[in-house]
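Peer 1: Below is the structure I would like to discuss, written out as structure tokens.
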Amino acid sequence: MKYDFDDIVITGYSCITAAGVGTSPILSLLDEGRSALVDIPDDITGGISLKWGRAAFFKATDYMPPLKARKMDRSSQLAFAVTGLALKEAGIDTKALDPEKIGIAMGCGFGGVGNSSEFLTGYFNAGVEGLAPMLFPNTVSNAAASNASIEHGLKGPNITMVQRFCSAESALLMACRFLQQGQADIMLAGGIDELNPLIIRGFMELGQHRQYGSCFSEGCGVIVLETAKSASDRNARVLATVKSISSIGLMPDSSADVCCRELLGDCSGISSISLSGTTVETKNILNRLPDCSRIDIAAATGRSLAMGATAMACFASCLQPSERGLHLASSPEGPFFAIRIDGGCSDAR
Amino acid sequence: MSKKRIAITGIGVFCGAGKNIAEFTDALINSKSGIAQLDMLDTSPFPTSIGAQVKSYDPLDHFSPKDARRLSRSDQFGLIAAEEAISGSGFSKHYSPFETGVSMGAGAAGMFQSEAWLKALLAEKKITPALLRGILPDRTTTEIATRFNLCGYQNSITTACSSSATAIGWGADLIASGSLKAVLAGGSDTLSLLTFAGFNSLKVVDSRPCSPFSLGRQGISLGEGAACMVLEDYDEAVKRGARIHGTVLGYALAGEAFHMTAPEPTGSTAARVMRSAATSAGITLEQVGWVNAHGTGTPLNDIVESNAMKTVFGDRVKHVPLVSTKAMTGHCLGAAGAIEALATVISLSNGFIPQTLNFRGCDPECDLDYCHEGRRISSCDIAISNSFAFGGNITSLVLGK
Numbered sequence: 003m004k005y006d007f008d009d010i011v012i013t014g015y016s017c018i019t020a021a022g023v024g025t026s027p028i029l030s031l032l033d034e035g036r037s038a039l040v041d042i043p044d045d046i047t048g049g050i051s052l053k054w055g056r057a058a059f060f061k062a063t064d065y066m067p068p069l070k071a072r073k074m075d076r077s078s079q080l081a082f083a084v085t086g087l088a089l090k091e092a093g094i095d096t097k098a099l100d101p102e103k104i105g106i107a108m109g110c111g112f113g114g115v116g117n118s119s120e121f122l123t124g125y126f127n128a129g130v131e132g133l134a135p136m137l138f139p140n141t142v143s144n145a146a147a148s149n150a151s152i153e154h155g156l157k158g159p160n161i162t163m164v165q166r167f168c169s170a171e172s173a174l175l176m177a178c179r180f181l182q183q184g185q186a187d188i189m190l191a192g193g194i195d196e197l198n199p200l201i202i203r204g205f206m207e208l209g210q211h212r213q214y215g216s217c218f219s220e221g222c223g224v225i226v227l228e229t230a231k232s233a234s235d236r237n238a239r240v241l242a243t244v245k246s247i248s249s250i251g252l253m254p255d256s257s258a259d260v261c262c263r264e265l266l267g268d269c270s271g272i273s274s275i276s277l278s279g280t281t282v283e284t285k286n287i288l289n290r291l292p293d294c295s296r297i298d299i300a301a302a303t304g305r306s307l308a309m310g311a312t313a314m315a316c317f318a319s320c321l322q323p324s325e326r327g328l329h330l331a332s333s334p335e336g337p338f339f340a341i342r343i344d345g346g347c348s349d350a351r
Numbered sequence: 002m003s004k005k006r007i008a009i010t011g012i013g014v015f016c017g018a019g020k021n022i023a024e025f026t027d028a029l030i031n032s033k034s035g036i037a038q039l040d041m042l043d044t045s046p047f048p049t050s051i052g053a054q055v056k057s058y059d060p061l062d063h064f065s066p067k068d069a070r071r072l073s074r075s076d077q078f079g080l081i082a083a084e085e086a087i088s089g090s091g092f093s094k095h096y097s098p099f100e101t102g103v104s105m106g107a108g109a110a111g112m113f114q115s116e117a118w119l120k121a122l123l124a125e126k127k128i129t130p131a132l133l134r135g136i137l138p139d140r141t142t143t144e145i146a147t148r149f150n151l152c153g154y155q156n157s158i159t160t161a162c163s164s165s166a167t168a169i170g171w172g173a174d175l176i177a178s179g180s181l182k183a184v185l186a187g188g189s190d191t192l193s194l195l196t197f198a199g200f201n202s203l204k205v206v207d208s209r210p211c212s213p214f215s216l217g218r219q220g221i222s223l224g225e226g227a228a229c230m231v232l233e234d235y236d237e238a239v240k241r242g243a244r245i246h247g248t249v250l251g252y253a254l255a256g257e258a259f260h261m262t263a264p265e266p267t268g269s270t271a272a273r274v275m276r277s278a279a280t281s282a283g284i285t286l287e288q289v290g291w292v293n294a295h296g297t298g299t300p301l302n303d304i305v306e307s308n309a310m311k312t313v314f315g316d317r318v319k320h321v322p323l324v325s326t327k328a329m330t331g332h333c334l335g336a337a338g339a340i341e342a343l344a345t346v347i348s349l350s351n352g353f354i355p356q357t358l359n360f361r362g363c364d365p366e367c368d369l370d371y372c373h374e375g376r377r378i379s380s381c382d383i384a385i386s387n388s389f390a391f392g393g394n395i396t397s398l399v400l401g402k
């Protein structure tokens, strides 16, 4: 299936990853052929050599008062911080605009798992006396988007989804649809994932540390999408334009050729591609775009379920004005996304 | 959302109030509740011990031994409800697999199995890691898409208790936009220690079966289950001779941006979302016959939802019953929106408004018509189904005959 858009622009983005704050540290690492991945401590892996991309430098109290930080889980802290950075980058003062026309759509990976395990561990170790009620509300996947919306006063459409390595792309699709329908003027679309020792332990028990859980990472990326009119009305810089979003749910081997044709559509003029999720292993797709330059942020920051928004932010920052780009995201059991993003111009007019 | 009519051509359910459409319809008509003593969790440390559990469930009645081991309880419930909806619809032979997709809402997903793994890990016992496979809430969606060859799209909405209402609204929009021809939409969620202990720790679980909008209500009764619908373009469904159970006319959603667990007291966002849903459906509020409430039975929720109704319907509010089916189904969290949307569709098509059970007395702050006295015959064509969630996520669906 395919959605075409003619007036959805990107006016801001930001991210926090193992590489640092914003897209520049990631792009620098890629330029230098280096990575922010580090060894996972032996007490977590039992001595097996594994790497992860933890945003260990991130301190929530750099972005919010300590009391507020204590009430949030790690995903919510990251989402709150990055949403604020993205709004600032886009020059949006939410108090100066209609809050009911600003929404948030967030793809989530393991968000909520940290609080869930901590809450349950309290119970398993000490019974009902060990339960910490404050942890429970942030066990839900939507805690990150909801906490961000509460703190930034975003009263428009509010949605969270999980669809493995395409979680952020799934969020982007819904965000664009809400803009197209006029339900919002501005949508923050992003992806959030958190990483903790228990998740690594789970990967190892399932053997995922040798497959898709290898070099896993955490972080948050948020893209500010808005209608061209909204951007124009407030004289915003247009950093890129979302032209279309194609998706396929499953790609059976017997139909792979047809699926790839349908997903990619007319690729003429595409000079750059961005890879997210497991696309780098999806040869059926990549073989159709042999001459395009590639940005694969996983090489610098590792891979996470909701890395797509960070990948798209990096991609948008690299595209030249009017350059035609294609962001590709895949998951081992589907879905698959192809998102046409064109380079922007200096302002909305 | 476009005003294109979306037909519901297949329905399926598997929950504590009924393990198929016939049983669930009987429960709605005869006001039977699925809330009873729980036996899948050790409730002895908690002040409450009841809920709407799917009782006498043997996975081997539905799945091969391998699949029964591989699939989480939530995946299993979702597949059972999806199978009933898809087989009843008969849409599969009319569309290419790439014209069909899946939009499911989820909640705790495979937490029931995963917490057994965590417990064993903390006790330094060996246990199969397969228990973790269903921990991500997208698993049910992928299992349904794969089993029924629905290749065009898959997505899992995870906004806690509004997840599956939004999944249905979004599923309808995928048809309305012309992106897909048929969508299996719904939700699945199961009881787990996490949610049982969690809601008990917040002291919002009633020790007696929940009594929405009643005086002296103490909170929710938890439940579990799955409900699914097959959605298609109305005209195409008619053309292929499909049985039409009802319609999805529109939906809207928003975030309150107020508090993670407490609703905004005036209900202004809930009111805005109901109005927006009616606008998206292309109907007037005068056409709405009744509202299937989020109606959890917590002291605060029920007052706020009543306030929102007054804002939306004004002088007509006392003639628009606000009913809660949660006293029959329990609060099924990620599946609640789908189960309640299904209850609404069945009630509309059978010409009645369901009863809100367990009346304990009139609450002066809940002074609307809640159908406490019994099921009511109704000829109305349109109803709204509300879903509220942690984080202030609100979704309203507009459903028709």
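Chains Z and L supply the protein sequences, listed in that same order. Under this note's numbering, think of the first position of the first sequence as 3, with each following residue one higher. Under this note's numbering, think of the first position of the second sequence as 2, with each following residue one higher. For glycine and all other residues, C-beta sits at the position ideal for the given N, C-alpha and C.
(1) What residues in the region 86-111 of chain L bring their beta carbon closer than 9 Å to a beta carbon of chain B?
(2) For chain Z, find out if any of its Cβ atoms is closer than 9 Å to the Cβ of residue 171 of chain L; answer yes or no.
(3) Can a CB atom of chain Z be found closer than 9 Å to the CB of residue 39 of chain L?
(4) Out of Z:268, Z:298, Z:257, Z:288, which one is the CA nearest neighbour of residue 276 of chain Z?
(5) Bridge partners of residue 5 of chain Z, per DSSP?
(6) From what residue to what residue does the beta strand (DSSP E) around residue 143 of chain Z run?
(7) Consider the Cβ of residue 309 of chain Z: report whether some Cβ of chain L lies at a distance smaller than 9 Å.
(8) When you compare the CB positions of residue 223 of chain Z and residue 188 of chain Z, do they come within less than 9 Å of one another, or not?
(9) What residues of chain L sit near residue 120 of chain Z, judged by a beta carbon separation below 9 Å?
(10) Counting only Cβ-Cβ distances shorter than 9 Å, please list the residues of the region 149-161 of chain Z near chain L, keeping chain order.
(11) For residue 348 of chain Z, which residues in the same chain have their Cβ closer than 7 Å to its Cβ, ignoring the five residues on either side in sequence?
(12) For residue 310 of chain Z, write down the residues that DSSP places opposite it in a beta bridge.
(13) Decide yes or no for the touch test of the region 317-325 of chain L against the region 352-370 of chain L: beta carbon pairs closer than 8 Å, at least 3 of them.
(14) For residue 348 of chain Z, which of helix, strand or coil comes out of DSSP?
(15) Considering only DSSP beta bridges, list what residue 154 of chain L is partnered with.
(16) Following the continuous beta strand (DSSP E) through residue 369 of chain Z, name the residue where it begins and the one where it ends.
(17) Give the straight-line distance between the Cα atoms of residue 213 of chain L and residue 300 of chain L, rounded to the nearest whole angstrom.
(18) Let me see if you follow: with CB-CB separation under 9 Å, is residue 348 of chain L close to chain Z or not?
(19) Note down, in chain order, every chain Z residue with its Cβ under 7 Å from the Cβ of residue 120 of chain L.
(20) Compare the C-beta of residue 101 of chain Z with all C-beta atoms of chain L and state if any pair is closer than 9 Å.
(21) With DSSP as the reference, identify every bridge partner of residue 332 of chain L, one or two as the case may be.
(22) Within 10 angstroms of its Cβ, does residue 41 of chain Z collect 16 or more other Cβ (buried), or is it exposed?
(23) Please report the residue range of the alpha helix (DSSP H) in which residue 115 of chain L lies.
(24) Closer than 7 Å by beta-carbon distance: list the chain Z residues that pair up with residue 139 of chain L, in chain order.
(25) Could you work out which residues of chain L lie near residue 138 of chain Z, taking near to mean beta carbons separated by less than 7 Å?
(26) Are residue 253 of chain L and residue 397 of chain L closer than 9 Å when you measure CB to CB?
(27) Rounded to whole angstroms, what is the Cα-Cα separation between residue 350 of chain Z and residue 11 of chain Z?
(28) Please say whether residue 310 of chain L and residue 369 of chain L have beta carbons closer to each other than 9 Å?
(29) With distances taken Cα to Cα, identify the nearest neighbour of residue 221 of chain L among L:236, L:203, L:235.
(30) Is it true that the CB of residue 99 of chain L sits closer than 9 Å to the CB of residue 168 of chain Z?
(31) In the DSSP assignment, what are the bridge partners of residue 17 of chain Z?
(32) Of all the residues that make up the region 313-346 of chain L, which are near chain Z by a beta-carbon distance shorter than 8 Å?
(33) For residue 322 of chain Z, verify whether its CB is less than 8 Å away from any heavy atom of the ligand FMN.
(34) Would you please verify whether the beta carbon of residue 190 of chain L is less than 9 Å from any beta carbon of chain Z?
(35) Whole-angstrom Cβ separation of residue 170 of chain Z and residue 310 of chain Z, contact assumed at under 8 Å?
(36) Does the beta carbon of residue 5 of chain Z sit closer than 9 Å to a beta carbon anywhere in chain L?
Peer 2: So, from the listed chains and residues:
(1) The displayed structure is made up of protein chains Z and L, and chain B is not among them.
(2) On the second sequence, position 170 is the one that residue 171 of chain L refers to. Closer than 9 Å to some Cβ of chain Z, the Cβ of residue 171 of chain L qualifies, so yes.
(3) Locating residue 39 of chain L in the second sequence gives position 38, where the first residue counts as 1. Cβ-Cβ to chain Z under 9 Å: no for residue 39 of chain L.
(4) Along the first sequence, read from residue 1 onward, the residue named residue 276 of chain Z stands at position 274. Residue Z:298 is the option with its Cα nearest to residue 276 of chain Z.
(5) On the first sequence, residue 5 of chain Z is found 3 positions in, with the first residue counted as 1. Per DSSP, Z:247.
(6) For the purposes of this step, residue 143 of chain Z is taken as the residue at position 141 of the first sequence. From DSSP, residue 143 of chain Z is part of no beta strand (DSSP E); its letter is neither H nor E.
(7) Here residue 309 of chain Z refers to the residue found at position 307 when the first sequence is read from its first residue. No - not a single Cβ of chain L is within 9 Å of the one on residue 309 of chain Z.
(8) Reading the first sequence from its first residue, position 221 is the one you call residue 223 of chain Z. Reading the first sequence from its first residue, position 186 is the one you call residue 188 of chain Z. Result no, Cβ atoms of residue 223 of chain Z and residue 188 of chain Z do not sit closer than 9 Å.
(9) Here residue 120 of chain Z refers to the residue found at position 118 of the first sequence. Correct list: empty, because the minimum Cβ distance to chain L is about 10 Å.
(10) 149, 151, 152, 153, 154, 155, 156, 157, 158, 159, 160, 161
(11) Working through the first sequence from its first residue, we reach residue 348 of chain Z at position 346. In this predicted model, residue 348 of chain Z has a pLDDT of only 47, less than 50, meaning its place in the structure is not dependable; the value taken from the coordinates is given anyway. Excluding residues within five positions, the ones whose Cβ falls inside 7 Å are 239.
(12) Your numbering for residue 310 of chain Z matches position 308 in the first sequence. According to DSSP, which records beta bridges pairwise, residue 310 of chain Z is partnered with nothing at all.
(13) yes
(14) Locating residue 348 of chain Z in the first sequence gives position 346, counting from the first residue. Reliability of the predicted coordinates at residue 348 of chain Z is poor, the pLDDT of 47 falling under 50, and the value obtained from them is presented with this limitation in mind. Residue 348 of chain Z: coil per DSSP, three-state reduction.
(15) Counted from its first residue, the second sequence places residue 154 of chain L at position 153. Partner(s): L:102.
(16) Residue 369 of chain Z is absent from the model: chain Z starts at 3 and stops at 351.
(17) The count along the second sequence starts at 1 and reaches residue 213 of chain L at position 212. The count along the second sequence starts at 1 and reaches residue 300 of chain L at position 299. Each residue's alpha carbon lies about 9 Å from the other.
(18) Residue 348 of chain L sits at position 347 when you count from the first residue of the second sequence. False, the Cβ-Cβ gap to chain Z never drops below 9 Å.
(19) Residue mapping note: residue 120 of chain L aligns to position 119 of the second sequence, counting from 1. 126, listed in chain order.
(20) Taking the first residue of the first sequence as position 1, residue 101 of chain Z is located at position 99. So yes, residue 101 of chain Z belongs to the interface.
(21) Counted from its first residue, the second sequence places residue 332 of chain L at position 331. L:223, per the DSSP bridge assignment.
(22) If you number the first sequence from 1, residue 41 of chain Z lands on position 39. The residue is exposed, with fewer than 16 neighbouring Cβ atoms inside 10 Å.
(23) As a working mapping, residue 115 of chain L is identified with position 114 in the second sequence. Element bounds for residue 115 of chain L: 112-123.
(24) Here residue 139 of chain L is taken as the residue at index 138 of the second sequence, counted from 1. Near residue 139 of chain L (Cβ distances below 7 Å), the residues of chain Z are 164, 165, 166.
(25) The sequence position of residue 138 of chain Z within the first sequence is 136, counting from 1. By Cβ distance, chain L contributes 199, 202, 203.
(26) Here residue 253 of chain L refers to the residue found at position 252 of the second sequence. Here residue 397 of chain L refers to the residue found at position 396 of the second sequence. Yes, the pair counts as a contact, with Cβ atoms nearer than the cut-off.
(27) For this step, residue 350 of chain Z is matched to residue 348 along the first sequence. For this step, residue 11 of chain Z is matched to residue 9 along the first sequence. Note that residue 350 of chain Z has pLDDT 45, beneath the 50 cutoff, so the model's placement of it is unreliable and the number below is only indicative. Going from the Cα of residue 350 of chain Z to the Cα of residue 11 of chain Z covers about 9 Å.
(28) Working through the second sequence from its first residue, we reach residue 369 of chain L at position 368. Working through the second sequence from its first residue, we reach residue 310 of chain L at position 309. In contact: residue 369 of chain L and residue 310 of chain L (Cβ atoms closer than 9 Å).
(29) Along the second sequence, read from residue 1 onward, the residue named residue 221 of chain L stands at position 220. Closest by alpha carbon: L:203.
(30) Here residue 168 of chain Z corresponds to residue number 166 of the first sequence, with the count starting at 1. Here residue 99 of chain L corresponds to residue number 98 of the second sequence, with the count starting at 1. The answer is no: Cβ separation not under 9 Å.
(31) Start at 1 with the first residue of the first sequence, and residue 17 of chain Z comes out as number 15. DSSP, once it has assigned bridges, lists Z:223 as partnering residue 17 of chain Z.
(32) none
(33) This structure lacks the ligand FMN; in fact it carries no ligand of any kind.
(34) Here residue 190 of chain L is taken as the residue at index 189 of the second sequence, counted from 1. It does not: the Cβ of residue 190 of chain L has no partner Cβ on chain Z nearer than 9 Å.
(35) Numbered from 1 along the first sequence, position 168 holds the residue referred to as residue 170 of chain Z. Numbered from 1 along the first sequence, position 308 holds the residue referred to as residue 310 of chain Z. Confirmed, about 3 Å.
(36) Along the first sequence, one-based indexing puts residue 5 of chain Z at 3. Chain L, which has a Cβ nearer than 9 Å to the Cβ of residue 5 of chain Z, makes this yes.
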